[in-house]
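What follows is a set of notes on a single structure, which appears directly below.
The following block contains the structure:
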């Protein structure tokens with residue numbers, strides 16, 4: 014138990030962004046399906062940060078977010094009603110990713126065999142929007158247990174978050190970071206907006222933990238948004 018690196022390859026176009034929030038939600042459904050809703054709630058959602066956390070999706074062997082430099086373009090679609098013969102046209106932004114991708118998981122709850130089973134179930138369902146029509150499909154290349162993320166640094170004086178991040182009140186605020194307002198939805202119901210610090214943000218200070226941040230509960234949908242962020246020690 015510890016760090017796991019999941020390597021995948023896209024086999025279809027992608028609709029929307031695939032971030033740690035997307036991946037965490039997909040794994041929550043898989044955990045509930047394989048181990049039961051109680052295991053998800055008691056051990057993951059109400060557990061400590063080390064129970065389960067996931068990074069953003071990265072390209073190749075670099076810690077560069079998957080959509081860095083990837084342009085989405087509008088694709089026209091058409092659907093015909095078989096009863097009336099009427100057609101409906103719409104367009105959506107789709108991205109075509111090239112090459113291999115990977116993300117990291119940190120967990121003191123699941124071992125390698127568990128992570129492999131969960132990942133296969135997640136990829137079977139697809140990632141991102143429009144999964145039901147075949148978008149967001151990936152092939153699993155492998156899952157491996159790793160000792161650390163990125164290059165090891167002697168005496169680091171800072172850290173970089175490699176997941177979208179919702180800080181706790183006592184977390185460091187000294188650093189270089191960007192943020193956005195996240196507006197998710199579940200079952201067509203919009204969640205309350207949340208301020209999210211973007212993956213790739215850097216902070217000063219030494220850490221003795223592998224995951225920072227927290228989950229945010231949404232009362233409107235009774236769901237959680239992940240602001241748990243894996244960290245990589247760096248020199249600032």
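Residue numbers (the numbering used here): 14 to 249.
Don't be surprised by glycine CBs; every beta carbon is placed ideally from N, CA and C.
Here the structure is a predicted model, which is why all the values come from computation and not from measurement.
For residue i, the nearest candidate out of the options (CA to CA)
| i | options | result |
| --- | --- | --- |
| residue 249 | 181, 27, 190, 238 | 190 |
| residue 134 | 165, 36, 15, 32 | 36 |
| residue 200 | 179, 236, 223, 168 | 236 |
| residue 47 | 161, 128, 216 | 128 |
| residue 70 | 111, 126, 32 | 32 |
| residue 126 | 19, 238, 234 | 19 |
| residue 233 | 197, 239, 164, 72 | 197 |
Rounded straight-line distance, which links the Cα of residue j to that of residue i
| i | j | result |
| --- | --- | --- |
| residue 227 | residue 207 | 12 Å |
| residue 218 | residue 58 | 27 Å |
| residue 138 | residue 113 | 19 Å |
| residue 8 | residue 209 | As shown, the chain starts at 14 and ends at 249. That puts residue 8 outside it, with no answer to give. |
| residue 187 | residue 244 | 15 Å |
| residue 247 | residue 225 | 15 Å |
| residue 221 | residue 17 | 19 Å |
| residue 148 | residue 39 | 15 Å |
| residue 109 | residue 29 | 11 Å |
| residue 159 | residue 15 | 8 Å |
| residue 193 | residue 157 | 32 Å |
| residue 185 | residue 179 | 12 Å |
| residue 214 | residue 242 | 11 Å |
| residue 174 | residue 223 | 10 Å |
| residue 49 | residue 131 | 13 Å |
| residue 203 | residue 167 | 44 Å |
| residue 142 | residue 182 | 32 Å |
Buried/exposed call for residue i, threshold 16 Cβ in 10 Å
| i | result |
| --- | --- |
| residue 115 | buried |
| residue 86 | Interpretation of residue 86 is limited by its pLDDT of 44, a score under 50 that renders its predicted location unreliable; the figure taken from the coordinates is listed afterwards. When all chains shown are included, residue 86 counts as exposed. |
| residue 171 | buried |
| residue 251 | Missing from the structure shown is residue 251; the chain here goes from 14 to 249 and no further. |
| residue 72 | buried |
| residue 240 | buried |
Cβ-Cβ separation, residue j to residue i (assumed contact under 8 Å), whole Å
| i | j | result |
| --- | --- | --- |
| residue 119 | residue 63 | 7 Å |
| residue 212 | residue 177 | 6 Å |
| residue 122 | residue 56 | 6 Å |
| residue 117 | residue 162 | 6 Å |
Check: residue i C-beta below 7 Å from any heavy atom of the ligand SAM
| i | result |
| --- | --- |
| residue 128 | The model on display carries no ligand, and the ligand SAM is accordingly not part of it. |
*Evaluate the contact criterion for the region 145-152 versus the region 19-30: three or more CB pairs, one atom per stretch, below 8 Å.*
The region 145-152 vs the region 19-30: in contact.
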